[in-house]
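K.L.:
Let me begin by handing over the structure; questions about it come next.
Residue numbers (this note's numbering), protein chains in the order written: chain Z, 1 to 353; chain C, 1 to 239.
Here it is as structure tokens:
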């Protein structure tokens with residue numbers, strides 16, 4: 001009975017292994033790169049699904065949280081502390097083993113912060129920023145909340161575009177390897193594709209495990225009740241503002257963590273990751289997947305990101321996601337997995353003809 | 001148990017309640033009757049903390065709850081069955097009930113005991129425990145709303161127009177349940193437009209008119225009161 005809840009997760013694990021064997025079997029290993037990236041985007045999307053679908057709070061600024069994670073780790077791990085070993089805090093970090101030393105390609109000694117520490121710092125910064133903007137803007141509802149989060153997304157985009165430590169329009173490159181557990185490495189080395197693929201999917205599995213448990217818990221019921229009727233939820237004893245803030249922070253942290261890993265996987269990050277169109281894309285995918293449907297949004301997130309990353313949408317990439325959002329809202333407001341959209345479509349044709 | 005004195009509240013600049021004073025003793029059913037727009041729902045929402053009062057006092061079990069947020073008031077044992085039922089459509093019947101226990105401690109045994117009590121009181125909810133709340137009929141939704149409020153083990157239950165939009169037979173059913181709740185020792189504040197039914201089961205009643213309490217008496221007296229009969233019970237009504 002208890003185990004039944006986890007069948008989809010076992011299914012996911014099997015599918016992940018199957019796809020890897022299939023892709024490697026037919027000698028198309030390079031597909032794994034895009035599948036890895038899709039997995040990281042998938043984490044952002046299931047986080048957004050919790051916020052939008054289950055708790056009913058829209059955010060058109062999630063790319064900003066992804067960028068906050070990515071840029072934090074990129075900036076921290078590309079900073080060379082070799083000349084600053086006398087500074088007490090740098091010294092302390094070196095002594096406690098939270099830095100990594102090595103050589104740059106020109107033979108110069110470099111010391112940088114361990115990606116584990118930068119991951120931790122990124123999460124802390126994300127929680128702080130999400131709480132800071134969450135408290136005032138989560139008082140808003142519907143369109144107003146959408147506009148406020150959109151504004152936040154634009155602010156972060158302009159900040160990374162205009163700040164020199166974030167590399168302005170070039171972004172940050174040469175982000176070092178993230179040494180994961182058991183000496184597995186997250187980096188852009190083509191030889192480590194399989195390894196990276198499994199690490200990314202491991203993180204997806206962990207995230208979805210946490211989220212499925214959350215949804216069916218006491219707090220999960222509270223946040224789903226928010227979606228239905230905030231006032232009724234409040235009169236049942238649910239602290240509305242705290243629950244909203246909690247889910248907002250949770251979903252921001254998921255986006256940020258995905259950003260951290262993706263940045264190490266790609267070896268860099270650019271301002272496009274924080275762009276408004278990226279946020280719209282996430283919203284579109286959550287809508288296609290059916291909003292309050294973790295598995296639907298994850299599957300659509302993987303498929304659409306994969307197609308986009310493989311370049312099937314060509315230069316119409318952003319336009320495709322805009323069109324998807326419009327079409328879904330018109331014909332399948334419950335997502336593509338609820339087949340009602342066929343009926344709606346037929347009705348529309350009958351009406352117009 | 002509940003003591004309201006000189007309570008004033010409203011929406012923005014609009015003042016709805018004007019110096020309301022009333023009280024409820026433990027074990028009573030007290031009803032508030034009045035026409036549309038008299039301020040009945042505003043009064044309940046103010047007591048339960050969904051609307052902030054602008055002046056006056058609300059004392060619940062010797063504690064001033066006038067400035068507490070809604071979730072704290074529920075925790076103190078003052079539950080609201082909101083107007084129009086406000087069931088969570090996308091949650092199952094059981095999940096709706098579990099939300100009601102949100103303010104209780106997390107002890108699973110206590111929550112399960114409470115759940116079984118509700119299922120005993122409303123067998124139909126047990127039958128439909130895995131159905132979505134939105135798929136229930138109006139009467140079943142009202143039962144669910146009452147059950148949901150009972151899950152918090154309230155000391156005072158406030159019902160906002162439980163008869164709204166229900167067929168006469170179902171209304172009788174619901175009122176029988178309210179009587180049964182009283183027999184189990186609950187204290188109930190009942191707000192109704194259906195004055196006859198409400199006064200039929202209540203011990204005392206208040207008549208609310210344009211935000212003011214104009215009359216207070218035992219239900220029996222109110223039922224015999226000429227003004228009440230004319231205004232709310234249809235006496236002298238000629239075709």
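Cβ coordinates follow ideal geometry from the N, Cα and C atoms, glycine included.
Quick caveat: nothing in here was measured; it's all calculated off a predicted structure.
1. Using the three-state DSSP reduction, which class does residue 364 of chain Z fall into: helix, strand or coil?
2. What is the DSSP secondary structure of residue 218 of chain C, counted as helix, strand or coil?
3. Give me the DSSP bridge partner(s) of residue 23 of chain C.
4. Quick check on the DSSP output: what are the complete alpha helix (DSSP H) runs of length 4 or more inside the stretch 31-95 of chain C, in order along the chain?
5. Please look up how many angstroms separate the CB atoms of residue 150 of chain Z and residue 276 of chain Z, rounded, as I've assumed it's under 8 Å.
6. What is the C-beta distance between residue 98 of chain Z and residue 117 of chain Z, in whole angstroms, given that I count them as a contact (C-beta under 8 Å)?
7. Counting only beta-carbon atoms, is residue 1 of chain Z nearer than 8 Å to chain C?
8. Buried or exposed: residue 42 of chain Z, going by 16 or more other Cβ atoms within 10 Å of its Cβ?
9. Taking all protein chains shown into account, do 16 or more other C-beta atoms lie within 10 angstroms of the C-beta of residue 168 of chain Z, making it buried, or fewer, making it exposed?
10. What do you reckon, are the CB atoms on residue 174 of chain Z and residue 267 of chain Z nearer than 8 Å?
11. Is residue 159 of chain C close to chain Z, meaning its C-beta is less than 8 Å from at least one C-beta of that chain?
12. I want to verify the contact list: residues of chain C whose CB lies under 8 Å from the CB of residue 222 of chain Z, in sequence order.
13. Taking just the CA atoms, how far does residue 204 of chain Z sit from residue 10 of chain Z?
14. Please look up how many angstroms separate the CB atoms of residue 93 of chain C and residue 131 of chain C, rounded, as I've assumed it's under 8 Å.
15. Residue range of the beta strand (DSSP E) that residue 102 of chain Z falls in?
16. Any Cβ of chain Z within less than 8 Å of the Cβ of residue 152 of chain C?
17. Helix, strand or coil, according to DSSP, for residue 267 of chain Z in the structure here?
18. Taking the Cβ atom as the reference point for each residue, do residue 264 of chain Z and residue 178 of chain Z lie within a distance shorter than 8 Å?
19. What in chain C is Cβ-close to residue 231 of chain Z, meaning under 8 Å?
20. Closest to residue 142 of chain Z by C-alpha separation, out of Z/12, Z/256 and Z/51, would be which residue?
21. Could you check which residue in Z/5, Z/332 and Z/269 has the C-alpha nearest to that of residue 176 of chain Z?
22. Tell me residue 187 of chain C's beta-bridge partners as DSSP assigns them.
23. With a threshold of 8 Å between beta carbons, is residue 62 of chain Z in contact with chain C?
24. Considering only their Cβ atoms, is the gap separating residue 118 of chain C from residue 140 of chain C smaller than 8 Å?
25. Taking the alpha-carbon of residue 101 of chain C as reference, which of Z/59, Z/81, Z/238 and Z/161 has the nearest alpha-carbon?
26. Distance, Cα to Cα, residue 187 of chain C vs residue 63 of chain C?
27. Is the Cβ of residue 89 of chain C closer than 8 Å to any Cβ of chain Z?
28. For residue 46 of chain Z, which option in Z/250, Z/79, Z/30 and Z/261 has the closest C-alpha, if you only look at C-alpha atoms?
29. Can you tell me whether residue 5 of chain Z is buried or exposed, with buried defined as 16 or more other CB within 10 angstroms of its CB?
30. Taking 8 Å as the CB-CB limit, is residue 15 of chain Z close to chain C?
31. Is the Cβ of residue 128 of chain C closer than 8 Å to any Cβ of chain Z?
32. Between the Cα of residue 182 of chain C and those of C/4, C/75 and C/25, spot the shortest distance and give me the residue it belongs to.
33. Within 8 Å (strictly less), CB to CB, does residue 52 of chain Z reach chain C?
P.N.:
Let me lay it out:
1. Past the edges of chain Z, shown from 1 to 353, lies residue 364 of chain Z, and the structure says nothing about it.
2. strand
3. Looking at the DSSP assignment, residue 23 of chain C forms a beta bridge with C/3.
4. 40-47 and 70-76
5. 7 Å
6. 5 Å
7. With a pLDDT of only 47 at residue 1 of chain Z, under 50, the local geometry of the prediction cannot be trusted, and the value read off the model is given with reservation. So, not an interface residue.
8. buried
9. Around the beta carbon of residue 168 of chain Z, fewer than 16 other beta carbons sit within 10 angstroms, so the residue counts as exposed.
10. yes
11. With its beta carbon at least 8 Å from every one in chain Z, residue 159 of chain C lies outside the interface.
12. 99 and 102
13. 13 Å
14. 6 Å
15. 99-103
16. yes
17. coil
18. Against a cut-off of 8 Å, the Cβ pair of residue 178 of chain Z and residue 264 of chain Z comes out as a contact.
19. 50, 82 and 86
20. Z/51
21. Z/269
22. DSSP output for residue 187 of chain C lists C/156 as bridge partner(s).
23. no
24. no
25. Z/238
26. 17 Å
27. It does: the Cβ of residue 89 of chain C has a partner Cβ on chain Z nearer than 8 Å.
28. Residue Z/250 is the option with its Cα nearest to residue 46 of chain Z.
29. exposed
30. no
31. no
32. C/25
33. Residue 52 of chain Z does not count as touching chain C.
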